[in-house]
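As structure tokens, the structure follows; a few thoughts come after it.
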Amino acid sequence: MDNFNTITDFINKSPKTELHLHIEGSLEPELMFKLSKRNKVEIPFKNIDEIRSAYNFTNLDSFLKIYYEGSNVLISEEDFFDLTWEYILRCKQDNIVHTEIFFDPQSHIPRGIRFETVISGIDKALKKAERDFGITSKVIMCFLRHLDEESCFDVLKQACNYKDKIIGVGLDSSEKGNPPIKFQNLFEQAIREGFLTVAHAGEEGPPEYIWDSLNLLKIKRVDHGIQCLKDEKLIERLVKDQIPLTVCPLSNVKLCVFDKLENHNLKKMLDKGLRVMVNSDDPAYFGGYLNQNLIETSKALNLKLEDVKKLIENSFKSSFLNEENKKDWLKKIS
Ligand code: HPA
Ligand code: ZN
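Using our numbering, read the sequence shown as starting at 1345 and increasing by one per residue.
Put into structure tokens, the structure is as follows:
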């Protein structure tokens, strides 16, 4: 067995990329409290401890309720800048050299926040990240799948004005009962407009949602995808085409998809040759950023050093970096 300290050391030192991170999910209680005061927005918590102790979730929906409530404190461009910059400082700490972040415009626009305000705040922080730290990034706009197609078409239209800042579109929020087929026309339009596509699928929902995301939404990556092990034919397809699966172990335990990290199926997925990697999803809510996800998962699943290397390599290979950049980073993992 590889020494756990060697693995921890490797995780801390290796350059890494993150491919599944909701920027609104990096809103730490301290910043939530500060912004609620700054913007005079009421939150249902008296102090930071109360916020933290509300983070006991039973499933995805129980989390989403608190997550959308938390997002209400984000109002100005400066708020979106501060939110993104705090995440970037975590990237620096964790040696993340490239990150691909999700944002949810439909949780802001109905509150009267302009699309421009959201994307500009995020973009300014990401530009500063590249200038100050050399950290590169891509931005993916997520549609909230519990909303109707019309609302999604509205934000897609707005996103078309920011093609220089947004590389792709994704699908998040409440999965069960909101199947990919509901968004087939929307994703066809997004692809015509030149956006890459990804989708949350098989987090809580069935393997059919992963099939339909691949076949109908033409996705380049499956976000989560952990339910794929229930379907042998699907595993075959995912392995054959080396479709990336952006797994988020601490998230899956917090949302009770697995009862404990020791029972997570990540190692089984790796051993089947699936292209999996580790991500933090909503780290402020789920108790850990990328390195903590990697370290705790390595320990719980008794991963070998070569498993951890594979996870980090898979992440670079699955990113939307160009081939030359990918090759350069892959050379640096050893
Ligand atoms: N799943 C679905 N929607 C989300 C998530 C998630 O893990 N995080 C933020 N929105
Ligand atoms: Zn997610």
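C-beta: ideal position from N, C-alpha, C; glycine also.
Because the structure is a prediction, the values reported are computed rather than measured.
CB of residue i within 8 Å of CB of residue j, strictly
| i | j | result |
| --- | --- | --- |
| Leu1540 | Lys1564 | yes |
| Cys1572 | Glu1537 | no |
| Ser1678 | Leu1365 | no |
| Ile1463 | Lys1507 | no |
| Asn1635 | Asp1438 | yes |
| Phe1354 | Leu1649 | yes |
| Ile1656 | Leu1618 | no |
| Ser1557 | Ala1534 | no |
| Tyr1431 | Ile1367 | yes |
| Val1622 | Leu1589 | no |
| Ile1554 | Val1601 | no |
| Ile1484 | Glu1444 | yes |
| Glu1362 | Ile1440 | yes |
| Asp1575 | Pro1551 | yes |
| Lys1661 | Lys1653 | no |
| Val1591 | Lys1616 | no |
| Thr1428 | Leu1470 | yes |
| Ile1511 | Lys1482 | yes |
| Phe1303 | Thr1461 | Residue 1303 is absent from the structure shown; the chain starts at 1345 and stops at 1678. |
| Lys1490 | Asn1522 | Checking the displayed sequence, the identity of residue 1490 turns out to be His instead of Lys. Their beta carbons are under 8 Å apart, which means His1490 touches Asn1522 by this criterion. |
Element boundaries [alpha helix (DSSP H), containing residue i]
| i | result |
| --- | --- |
| Thr1352 | 1348-1357 |
| Thr1461 | 1459-1477 |
| Tyr1414 | First, the amino acid is wrong: residue 1414 is Gly here, not Tyr. Note, Gly1414: alpha helix (DSSP H), 1404-1415. |
| Ala1628 | 1627-1630 |
| Pro1588 | Per DSSP, Pro1588 belongs to no alpha helix (DSSP H); it is in the beta strand (DSSP E), 1588-1591. |
| Lys1670 | 1667-1675 |
| Arg1536 | 1528-1536 |
| Phe1377 | 1373-1382 |
| Gln1636 | 1634-1644 |
| Tyr1399 | Neither: Tyr1399 is in no alpha helix (DSSP H) and is coded neither H nor E. |
| Pro1524 | Taken as a continuous stretch (DSSP letters only), Pro1524 belongs to no alpha helix (DSSP H), as it is neither H nor E. |
Boundaries of the beta strand (DSSP E) in which residue i is found, first to last residue
| i | result |
| --- | --- |
| Thr1480 | 1480-1488 |
| Glu1444 | 1440-1447 |
| Ala1543 | 1540-1545 |
| Lys1577 | Unbroken run through Lys1577 is the alpha helix (DSSP H), 1576-1584; no beta strand (DSSP E). |
| Asp1508 | Careful: Asp1508 lies outside any beta strand (DSSP E) and carries neither H nor E. |
| Glu1362 | 1360-1366 |
| Val1620 | 1619-1622 |
| Asp1567 | 1565-1568 |
Whole-angstrom C-beta distance between residue j and residue i, which should lie under 8 Å
| i | j | result |
| --- | --- | --- |
| Val1323 | Ile1453 | In this structure the chain extends from 1345 to 1678, so residue 1323 is not present and cannot be described. |
| Phe1527 | Phe1487 | 7 Å |
| Tyr1411 | Asp1626 | 7 Å |
Burial state of residue i (16 or more Cβ within 10 Å)
| i | result |
| --- | --- |
| Gln1450 | buried |
| Lys1676 | exposed |
| Asn1637 | buried |
| Ser1433 | One detail in the question is off: residue 1433 reads as Leu in this sequence, not Ser. Under this definition Leu1433 is an exposed residue. |
| Thr1402 | exposed |
| Asp1603 | exposed |
| Asp1339 | With the chain represented from 1345 up to 1678, any question about residue 1339 goes unanswered, as that position is not in the structure. |
| Arg1455 | exposed |
Distance cut-off 7 Å: residue i Cβ against heavy atoms of ligand 4
| i | result |
| --- | --- |
| Asp1625 | In terms of ligand content, the structure shown lacks ligand 4 and carries ligand 1 and ligand 2 instead. |
Test: residue i CB closer than 8 Å to a CB of chain D
| i | result |
| --- | --- |
| Gly1569 | The chain labelled as chain D is not found in the depicted structure, where only one protein chain is given. |
The stretch 1606-1616 / the stretch 1549-1566 touching (three or more Cβ pairs under 8 Å): no
Cβ contact check for the stretch 1642-1660 and the stretch 1380-1393: 3 or more pairs under 8 Å: no
Meets three-Cβ-pair contact criterion under 8 Å: the stretch 1624-1631 and the stretch 1658-1671: no
Cβ contact (3+ pairs, closer than 8 Å) linking the stretch 1366-1375 and the stretch 1410-1424: yes
The stretch 1468-1481 / the stretch 1514-1522 touching (three or more Cβ pairs under 8 Å): no
Meets three-Cβ-pair contact criterion under 8 Å: the stretch 1401-1416 and the stretch 1588-1604: yes
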